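Q:
In our numbering, the protein residues as written are 16 to 297.
(1) Please determine, among 194, 31, 272 and 276, the residue with the shortest C-alpha to C-alpha distance to residue 120.
(2) Flag this pair as yes or no: are the beta carbons of residue 190 and residue 217 separated by less than 7 angstroms?
(3) Just to confirm, are residue 105 and residue 79 a CB contact at a threshold of 7 angstroms?
(4) Leaving out five residues before and five after residue 273 in sequence, what residues of the same chain have Cβ atoms less than 6 angstroms from its Cβ?
(5) List, from N- to C-terminal side, the beta strand (DSSP E) runs of 3 residues or more that fit wholly inside the segment 86-153.
(6) Could you give the first and the last residue of the continuous beta strand (DSSP E) run that contains residue 37?
(7) What is the residue span of the beta strand (DSSP E) that residue 195 lies within?
(8) Apply the 10 Å Cβ neighbour rule to residue 129 and answer buried if 16 or more other Cβ atoms are within range, or exposed otherwise.
(9) To which residues of the same chain is residue 47 closer than 8 angstroms at the C-beta, ignoring the five residues directly before and after it?
(10) Residue 271 and residue 158: beta carbons closer than 7 angstroms?
(11) With a CB to CB cut of under 7 angstroms and the five nearest residues on each side skipped, what residues in its chain are close to residue 262?
(12) Between which two residues does the beta strand (DSSP E) harbouring residue 205 extend?
(13) Which whole-angstrom value is the C-beta distance of residue 133 and residue 75, which I expect to be below 8 angstroms?
(14) Among 230, 188 and 54, which has the Cα closest to the Cα of residue 92?
(15) Assuming residue 122 contacts residue 196 under a Cβ cut-off of 8 angstroms, what Cβ separation, rounded to an integer in Å, is found between them?
(16) Apply the 10 Å Cβ neighbour rule to residue 145 and answer buried if 16 or more other Cβ atoms are within range, or exposed otherwise.
(17) In whole angstroms, what separates the C-alpha of residue 183 from that of residue 139?
(18) Among 97, 254, 68 and 20, which one has its Cα closest to the Cα of residue 59?
(19) What's the C-alpha gap between residue 215 and residue 69?
(20) Rounding to the nearest angstrom, what Cα-Cα distance links residue 99 and residue 232 in this structure?
(21) DSSP on residue 81, reduced to helix/strand/coil?
(22) So for residue 157, helix, strand or coil by DSSP?
In structure tokens, the structure reads:
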């Protein structure tokens, strides 16, 4: 969709006029995103690219719209304005503020608020260590380069106490601060283990792909102290090597198939850091 086409589409739904300012935003690696300033209101308009297959992060417009509906009034995500499936276009309120600045306690509190959302009906993701390792194995099998690394051992682990609505890609998608912190870009939500969301925040690879430095040990400790859920910290310690193996496989595959040299280099750096994180001893 061109800028002119977007303006016409939004105008037809009462969301823009001839004075509305449109500006392309720097988004993730998949969709086209605009900032829409019209009068006193500011929106984000997201046009979805074609769905991807064989990836950890499917592009699911209807699921993002539903996730935003479920998160209404929980102070977790931006408010949904409208969704038009035929146009593959989603509009939600613009979140004022800068990208997340390192306040670990605010992230912990956001994740706890998110637990109130109903997760039923979303896609399912693997919950057991063998199934998560198998996903990593399959990703590494796509790569032409051999990697001198082995999957982690399978540990005994009980199922999660509850299933959660999870974002799956928190790393570089936090905007604002304090109680105004919001989690954006919900195009690949799932019903799963909250530890998977914790991982997509604490993981060095996710931080690198969000163009941030990996978190320090002190920051990670601050996060767990603020979360005040020793049960989840213990569970996460069992799952961390498994999640890291899977995401290392994803980074290795993406580094081989993408064409942008700078992005490929970022994925290779993320891969190296994640393999270290996989064997990290706290």
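Cβ coordinates follow ideal geometry from the N, Cα and C atoms, glycine included. This structure is a prediction, so every number in the text was calculated from the model and none was measured.
A: Per the coordinate set shown:
(1) 194
(2) no
(3) yes
(4) 279
(5) 95-99 and 104-108
(6) 36-39
(7) That residue, residue 195, is in no beta strand (DSSP E); it is neither H nor E in DSSP.
(8) buried
(9) 16, 39, 61, 62 and 64
(10) yes
(11) 218, 220 and 289
(12) 205-207
(13) About 17 angstroms separates the two Cβ atoms, so there is no contact after all.
(14) 188
(15) 7 angstroms
(16) exposed
(17) 11 angstroms
(18) 97
(19) 19 angstroms
(20) 43 angstroms
(21) helix
(22) coil
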